[in-house]
Amino acid sequence: MVEPVDPLQRLPFGARGPLLDHLSRLRHDLGKYVSLQVRWLGASPPPEALRQAMMADLLETHRGPGGGIDAPTVWAGLRPALVGEVPLDDTITVDLSGDVDFERLDDAMARISGVVRDLRGGVDGPQTVATGIEAARTVSDACRALWSRLRGG
Amino acid sequence: MADILIVDDQDRYAELCRRTMPEHHYRGPVRGWQEAKSALERGQGRIDVVLLDVHFDIPEQDLVGFHEGIGARELQDLKRRQGVEILRQLRKLWPDLPVVLMTSRQELALESLPEGLSDEEYTYFLDDDVVDAQTLRGQIDGIVASRRGREADGPVYWGASMAMRRIRRKLAILARGRLPVVLLGPTGTGKSLIARHFVHTRSGRPGRFVAVDLSTIPTDLCAAHLFGAVKGSYTGSIADRVGAFEAASGGTLFLDEVGNLSSDAQKMLLSVLQEGVITRLGDLRERPVDVKLVVAANEDLRARVARGDFRADLYMRLNPATTVILPPLAERGLDQGRLLSFCLEQALARPYLRGLIEDYRQGVGLPPGRVVVVAGGAVPDPAEGVLHLQFPDRGMRLLSRHHWPGNLREFSMVAENAVLFALSELSGVPPGQRPDVVQVRAKLVRDMLSADPTSAQLEGDAWHHTIAVRPQETLNRVAVECERQYFEALWLEHEGSFAEMAALLLGDEGHARKVQLRFNQLGLKVRELKAQLRR
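Protein chains in written order, with our numbering: chain A, 515 to 667; chain B, 4 to 538.
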């Protein structure tokens, strides 16, 4: 049986620093804010409060001068440098495809994209809320796991 | 309710806190160090906790640590740990203010907080990178309870600075031991207060606290005063006398201005410290005494030893290695508002100010009740029986800018005088004002701060005195104050020569001792005046 390759252990020379910067931004800009308001409510909040918190987390994940930016858009700005589509830092390119945490993050963000489409289309029932919350938690955990692994290693 | 400052480049934490923990009062969010500093200065010690984010995406020039030529990577790093840089700045000015860093300790573990910033007593972390309101509420409640509990440990004059906390810890240990305690510090720093209310109460000794100010006792009476005397042992000794050591046996003896001890008395004190017994003047019998000795001085006793004015062997017996130096008021991180309340509470315990307050209540038809000091900010709503003494923001700013060369004593006098004059200026309730609010105008505070109560200036051939006369002051009190200033001015003019003063006042240099006695009775202290001479 072949052991899965850990992309974080096989980084190109000089990539660790720029990647750590990038993952730090990912953890803060996406991982922290994608589930901030839902987690703030703690256990067993009223369903309506939970729905509103989830919508705020996913639809206004980043707040800039031009207004709120949703989670898929934030991810779209960060993902290309993680899958080798654009360099991290001038010449350094990395590809985390196949990494267990990256795949978890990528899958969860795909689900969140669907939830955001539903929300924008006026679909915000309990199933959508539950999916959004679960996916957002996964994104937070995966972002932190990636950052911690690289930092620790 | 806690007063919380939020330092964050985003609005989100502030919004969430206000929505889910409405029981607290929030300031901010402020976006960086400069705004945070301004907010803390405006808060004047009323802020209980700071919630500080770590990652700040703010304009480069607003970042602490930004410099021309900074690289892109370094700039990113600076933004990512800006909260730590803000904390570093904050700690220089507010060393003991509780700060919750809005991240987990684990996340910051490798950022290696600079030394002193990770003191768990004042710097807190979230349990997790993202926290829920309930957890944060519990954390804030715990911090506030701990902070208020610490403050309840002792009066406000201790202050909140790290230095004063260390002194308290040190004194608490020294108080329980059997060795003497040496307190040094400028005039008015509360040496006597601390000896009485801190060292003695923590010593666990059942006996009395006895204080002796050695600067007020004539040199030739000092030994009898400290060690006692038998009838006839000196001129005028008409009965056996118990000395301060015996009176304080089983308790604490506080010797203020110990540097004033005559060489004979120093020798006797040394003997008491070595043997644990005293012998009254004129007696042969040794009497055991068990005294916790606390001595105080305005100047370093080592300097007196070096000059030969103080015995080196006695100095060594006083346990000089553990000398406690009390810093001036300005260096204690004091909450001026609480100090004001403390000083006025003390003043209200005395009949004079309390009487004026009661007169005012009766005059405006207020029932008896509590007096609450409002140090800046808005006046609270009326409450049954409460009279508010309001110091406006401007007045509080004047107090906080003053350097207090006379330390706690000066602060207390200014506070009390300002209230006395505010009351004396009132004749009924001013139009448009509430009867339960006495306003202490900023101008009054400024007048009190600019007045130098000890000033006596020579103008031409005449001394010009300025004294603050309180309402209903007795003639005797006014006369004594004039006399005190006159003696002080003469002493300075004649560079400490009591003989010359006697020649001037009584026409005979031989009456120097009489003059010195009166000088002491007036509460003047040679040591303090010597400091003025040196200046």
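All C-beta atoms, glycine included, are put in the ideal place defined by N, C-alpha and C.
Remember, predicted model here, so these are calculated numbers, not experimental data.
Short Cβ contact (7 Å threshold) for residue i with residue j
i, j, result
"B:V440", "B:Q393", "yes"
"B:A551", "B:W407", "What the structure shows of chain B is the stretch from 4 to 538, and residue 551 of chain B is not part of that stretch, so it cannot be assessed."
"B:D450", "A:R553", "no"
"B:N263", "B:T190", "no"
"A:G646", "A:L572", "yes"
"B:G388", "B:G366", "no"
"B:S195", "B:A178", "no"
"B:V298", "B:L174", "no"
"B:A492", "B:E419", "no"
"A:V588", "A:L544", "yes"
"B:V213", "B:A268", "no"
"A:Q551", "A:A563", "no"
"B:T255", "B:K295", "yes"
"B:V233", "B:R283", "yes"
"B:L54", "B:I9", "yes"
Outcome for residue i when other beta-carbon atoms lying within 10 angstroms are tallied against a minimum of 16
i, result
"B:S430", "exposed"
"B:N410", "buried"
"B:D455", "Its pLDDT being 49, under 50, B:D455 is placed unreliably by the model, and nothing is read from it."
"A:K546", "buried"
"B:P167", "The sequence given here places Met at residue 167 of chain B; Pro does not occur at that position. Flag for B:M167 reads buried."
"B:D293", "exposed"
"B:V275", "buried"
"B:F230", "buried"
"B:S458", "Since pLDDT at B:S458 reaches only 46, below the 50 mark, its modelled position is unreliable, and the value read off the structure follows with that caveat. It is exposed - the Cβ of B:S458 has fewer than 16 other Cβ atoms within 10 Å."
"A:R577", "exposed"
"B:G74", "exposed"
"B:S266", "exposed"
"A:E617", "exposed"
"B:I281", "buried"
"B:H405", "buried"
"B:Q488", "buried"
"B:R244", "buried"
"B:D338", "buried"
"A:Q641", "exposed"
"B:G336", "buried"
Limits of the unbroken alpha helix (DSSP H) element including residue i
i, result
"B:T106", "From DSSP, B:T106 is part of no alpha helix (DSSP H) but of the beta strand (DSSP E) over 102-107."
"B:I73", "Premise fails: B:I73 is in no alpha helix (DSSP H) and is neither H nor E."
"B:G86", "85-96"
"B:R172", "165-179"
"B:F490", "478-496"
"A:Q641", "640-666"
"A:D621", "614-634"
"B:A250", "247-250"
"B:F345", "339-351"
"A:V588", "585-592"
"B:R320", "315-320"
"B:L520", "515-524"
"B:L19", "15-23"
Span of the beta strand (DSSP E) around residue i
i, result
"B:I220", "Note, B:I220: premise wrong, no beta strand (DSSP E); not H, not E."
"B:Y29", "28-33"
"B:G545", "The structure shown does not extend to residue 545 of chain B, since chain B is modelled only from 4 to 538, so the question has no answer here."
"B:Y127", "126-129"
"B:L187", "184-187"
"B:K194", "Note, B:K194: premise wrong, no beta strand (DSSP E); alpha helix (DSSP H) at 194-197."
"A:Q523", "That residue, A:Q523, is in no beta strand (DSSP E); it is neither H nor E in DSSP."
"B:V440", "440-442"
"A:G578", "576-578"
Heavy atom of the ligand ZN within 6 Å of residue i beta-carbon
i, result
"B:Q436", "This structure lacks the ligand ZN, and indeed carries no ligand of any kind."
Contact set between residue i and chain C, taken where Cβ atoms lie within less than 7 Å
i, result
"A:W589", "Protein chains A and B are contained in the structure displayed, whereas chain C is not."
### Query
Taking contact to mean at least 3 C-beta pairs separated by less than 8 Å, is the segment 47-58 of chain B in contact with the segment 83-93 of chain B?
Look at the beta carbons and you see the segment 47-58 of chain B touching the segment 83-93 of chain B: at least three pairs across the two are nearer than 8 Å.
### Query
Between the segment 491-498 of chain B and the segment 174-192 of chain B, do three or more beta carbon pairs fall short of 8 Å?
With fewer than three CB-CB distances shorter than 8 Å, the segment 491-498 of chain B does not count as touching the segment 174-192 of chain B.
### Message
Within 8 Å, do at least three Cβ pairs link the segment 437-452 of chain B to the segment 384-402 of chain B?
### Response
yes
### Task
Return the chain-ordered ranges of every alpha helix (DSSP H) run that is complete within the segment 539-571 of chain A and spans a minimum of 4 residues.
Qualifying alpha helix (DSSP H) stretches, in chain order: 550-554.
### Message
Give the list of continuous beta strand (DSSP E) stretches no shorter than 3 residues that lie fully inside the segment 357-434 of chain B.
### Response
374-378, 390-394
### Query
Can at least three beta-carbon pairs, one atom from the segment 13-21 of chain B and one from the segment 632-651 of chain A, be found at a separation below 8 Å?
no
### Query
If we count Cβ pairs, one from each stretch, closer than 8 Å, do we get three or more for the segment 298-315 of chain B versus the segment 162-181 of chain B?
no
### Query
Does the segment 31-51 of chain B come close enough to the segment 639-654 of chain A that 3 or more CB-CB pairs lie under 8 Å?
no
### Message
Between the segment 192-205 of chain B and the segment 218-235 of chain B, can you find at least three pairs of beta-carbon atoms closer than 8 Å?
### Response
no
### Query
Pairing CB atoms from the segment 604-622 of chain A with CB atoms from the segment 528-536 of chain A, are three or more of them under 8 Å?
Contact annotation: the segment 604-622 of chain A touches the segment 528-536 of chain A, with at least three C-beta pairs closer than 8 Å.
### Task
Please determine if the segment 95-103 of chain B and the segment 63-79 of chain B are in contact, where contact requires at least 3 C-beta pairs separated by less than 8 Å.
no
### Query
Taking only runs of the beta strand (DSSP E) that begin and end inside the segment 231-305 of chain B, which ones reach a length of at least 3 residues, in chain order?
255-259, 280-282, 289-291, 295-300
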